[in-house]
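Here is the structure we will look at.
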Amino acid sequence: MIRRELYPLTMGTEVACRILGIDPGSMLARAGLAGLARGAGDLRVTASQYFDAWNAMTSLVDRQDFVVYLGTNIARGPVIPVFFA
-5 MIRRELYPLT
5 MGTEVACRIL
15 GIDPGSMLAR
25 AGLAGLARGA
35 GDLRVTASQY
45 FDAWNAMTSL
55 VDRQDFVVYL
65 GTNIARGPVI
75 PVFFA
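Just so you know, we're using my numbering here: the sequence shown kicks off at -5 and counts up by one.
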């Protein structure tokens, strides 16, 4: 039996999308993940889906400086270990 590792996408759908002004549903749809349930639970995806979601987010953002803007806004909030990676 092959075990697939799953990774949390909640940070992208709830935090990064909010900071960047992107609709999480639009990001998931662009990534081909529209069928995934969002909400109270922890949204977990494969590594490929994870990168698809973040790539979709970068294609939807309407800022040239989105990397610096996202990093600056996250730095002002609570410590989120995944962003240090």
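Don't be surprised by glycine CBs; every beta carbon is placed ideally from N, CA and C.
How long is the line joining the alpha carbons of residue i and residue j, rounded to whole angstroms?
i     : j     : result
Asp36 : Ala50 : 20 Å
Val9  : Pro18 : 10 Å
Gln58 : Ser20 : 19 Å
Thr40 : Thr7  : 15 Å
Could you please give the first and the last residue of the uninterrupted alpha helix (DSSP H) stretch that includes residue i?
i     : result
Thr7  : Run containing Thr7: none; DSSP gives neither H nor E here.
Ala50 : 41 to 54
Arg57 : Counting along the chain, Arg57 falls outside any alpha helix (DSSP H), and DSSP gives it neither H nor E.
Ala23 : 18 to 24
Which class does residue i belong to by DSSP, given the choice of helix, strand or coil?
i       : result
Ala(-2) : Note on residue identity: the sequence assigns Arg, not Ala, to residue -2. Looking at Arg(-2) - three-state DSSP - the assignment turns out to be coil, as it is neither helix nor strand.
Arg12   : helix
Ala34   : For Ala34, the predicted structure reports a pLDDT of 45, less than 50, and the residue's modelled location is therefore unreliable. The matter cannot be settled from this model.
Ala69   : helix
Leu27   : coil
Can you tell which of the options has the C-alpha that lies nearest to the C-alpha of residue i?
i     : options                    : result
Tyr1  : Phe45, Val55, Asp56        : Phe45
Thr66 : Met5, Gly26, Val55, Ile13  : Ile13
Leu3  : Ala28, Gly26, Cys11, Arg38 : Arg38
Leu54 : Arg(-2), Leu22, Met5       : Leu22
Ser42 : Asp56, Leu27, Thr52        : Leu27
Ile68 : Glu(-1), Arg(-2), Met5     : Met5
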